[in-house]
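K.L.:
Dumping the structure here so I can ask a few things about it.
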Amino acid sequence: MIPLDTGFMPRIPLGRWAEDGIDWISDNLDWLLAAIKVGLGSANDLLVGALLAVPPLVMIILLAFIAWAARSWRMALGTVVALLLVMGLNQWDHAMETLGLVLIATVTAIILAIPLGIWAARSSTVSAITRPILDFMQTMPAFVYLIPTIIFFSVGVVPGLVSTVIFALPPGVRLTELGIRQVDRETVEAGQAFGASPGQILRGIQLPLAVPSIMAGINQVIMLALSMAVIAGMVGADGLGKEVVGALSTINTPRGVEAGLSIVVLAIYLDRVTAALGAPANHPRSLFRMISAARAKRAAASA
707 MIPLDTGFMP RIPLGRWAED GIDWISDNLD WLLAAIKVGL GSANDLLVGA
757 LLAVPPLVMI ILLAFIAWAA RSWRMALGTV VALLLVMGLN QWDHAMETLG
807 LVLIATVTAI ILAIPLGIWA ARSSTVSAIT RPILDFMQTM PAFVYLIPTI
857 IFFSVGVVPG LVSTVIFALP PGVRLTELGI RQVDRETVEA GQAFGASPGQ
907 ILRGIQLPLA VPSIMAGINQ VIMLALSMAV IAGMVGADGL GKEVVGALST
957 INTPRGVEAG LSIVVLAIYL DRVTAALGAP ANHPRSLFRM ISAARAKRAA
1007 ASA
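Under the numbering used here, the first residue of the sequence shown carries the number 707, and numbering increases by one thereafter.
If you want it as structure tokens, here you go:
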């Protein structure tokens, strides 16, 4: 086999440029990196501490109530059974650590994604700039995000959180922009005809009508955050991901199966609840819908 002559193509030191950029950030933005490390680390410690301080049975009842309020009593019953299984597998503390990491990463990603999505929806230039960046972020292998975050923040929960936020951010931006762009133009023009300012149109018309799409984006952010939380266990983030990594390194099948099943329980719960919050009309047996229907009947009877 004749080797291909690549002598005409000079070596592109892209990796060296990336390393130089990372070194520059470490040397010149150390104050920002320190603030991020303290802020995210403190928030995670506070939330995980609060979750672990609540007795497991009380937390199970609370999560089941949320499931009933958002979806149905059957979902609430399934939540109780599934979370009791997590307790029985002795994975409760790890599950709460993972839940805390996912919630912090999700909230951070949403805080960044929704304003950026709104900006992209209102500016074609911003949309054209962000689209290839989001494509790049979504196609980049998840493990690659761990390399610079370890350099910036050492090992622990913070590099896992930062990697999770970056990995989970794109669908939140995309679906926020999509939801606002899909709002009927005639509805927006009607608001303009009544003298509404762009800010009033955004708050009163576009965002409320874009809620289903935004909630779908939040659902995707949560699912990606949970999948990345497992990978974050490789850099020292506590939780079920660390259990899976430990089971993999020691070929411990029981430990891996128990941690993996607990991750599945969390994933199904978070997916079903957030999906129900995004489309409440599809779940007439939810507590919210039942209360609303009862109030409507009472108002009709009194009228």
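Idealized CB from N, CA, C, for every residue including glycine.
(1) Measure the C-alpha to C-alpha separation of A741 and A815 and round it to an integer number of angstroms.
(2) What ranges does the alpha helix (DSSP H) occupy inside the region 859 to 890, keeping only unbroken runs of at least 4 residues that lie completely in it?
(3) Provide the residue span of the alpha helix (DSSP H) that contains M715, from first to last.
(4) Return yes when the Cβ of S968 is within less than 8 angstroms of the Cβ of H800, no when it is not.
(5) Going along the chain, which unbroken runs of the alpha helix (DSSP H) with 4 or more residues stay wholly within the region 912 to 978?
(6) Within 10 angstroms of the Cβ of N796, are there 16 or more other Cβ atoms? Answer buried if so, exposed if not.
(7) Using 8 angstroms for Cβ pairs, my map puts A973 next to S869. What's the rounded Cβ distance?
(8) Using CA atoms only, rank isn't needed, just tell me which of M846, R828, L763 and N958 is closest to M793.
(9) With a CB to CB cut of under 6 angstroms and the five nearest residues on each side skipped, what residues in its chain are close to M707?
(10) Look at the alpha carbon of E803 and the alpha carbon of S933, and state the distance between them as a whole number of angstroms.
(11) Let's see if you can read the secondary structure: which residues bound the alpha helix (DSSP H) around V754?
(12) Consult DSSP for M707 and reduce its assignment to one of helix, strand or coil.
P.N.:
On the basis of the coordinates in this document:
(1) In the sequence shown, counting from the first residue as 1, residue 741 sits at position 35. In the sequence shown, counting from the first residue as 1, residue 815 sits at position 109. Across the structure, A741 and A815 are spaced so that their CA atoms are roughly 17 angstroms apart.
(2) Positions of the alpha helix (DSSP H) runs, each at least 4 residues long and wholly inside the region 859 to 890, are given as 863 to 887 in order along the chain.
(3) Working through the sequence shown from its first residue, we reach residue 715 at position 9. Bounds of any alpha helix (DSSP H) do not take in M715, whose DSSP letter is neither H nor E.
(4) Position 94 of the sequence shown, counted from the first residue, corresponds to residue 800. Position 262 of the sequence shown, counted from the first residue, corresponds to residue 968. Contact flag set, yes.
(5) Counting whole runs of 4 or more residues, the region 912 to 978 contains the alpha helix (DSSP H) stretches 913 to 938 and 946 to 956.
(6) Translated into positions along the sequence shown, residue 796 becomes position 90. Answer is exposed; the Cβ neighbour count stays below 16.
(7) Numbered from 1 along the sequence shown, position 267 holds the residue referred to as residue 973. Numbered from 1 along the sequence shown, position 163 holds the residue referred to as residue 869. 18 angstroms between Cβ atoms; not a contact.
(8) The residue you call residue 793 lines up with position 87 of the sequence shown. Ranked by Cα distance from M793, the first of M846, R828, L763 and N958 is L763.
(9) Numbered from 1 along the sequence shown, position 1 holds the residue referred to as residue 707. For M707, the predicted structure reports a pLDDT of 48, less than 50, and the residue's modelled location is therefore unreliable. A value from the coordinates is still provided. Here the set comprises nothing.
(10) Locating residue 803 in the sequence shown gives position 97, where the first residue counts as 1. Locating residue 933 in the sequence shown gives position 227, where the first residue counts as 1. Rounded to the nearest angstrom, the two C-alpha atoms are 14 angstroms apart.
(11) The residue you call residue 754 lines up with position 48 of the sequence shown. Per DSSP, V754 belongs to the alpha helix (DSSP H) from D736 to A759.
(12) Taking the first residue of the sequence shown as 1, we reach residue 707 at position 1. Confidence at M707 is low in this model, with a pLDDT of 48, below 50, so its placement is unreliable and the value that follows should be read with caution. DSSP places M707 in coil when its eight states are reduced to three.
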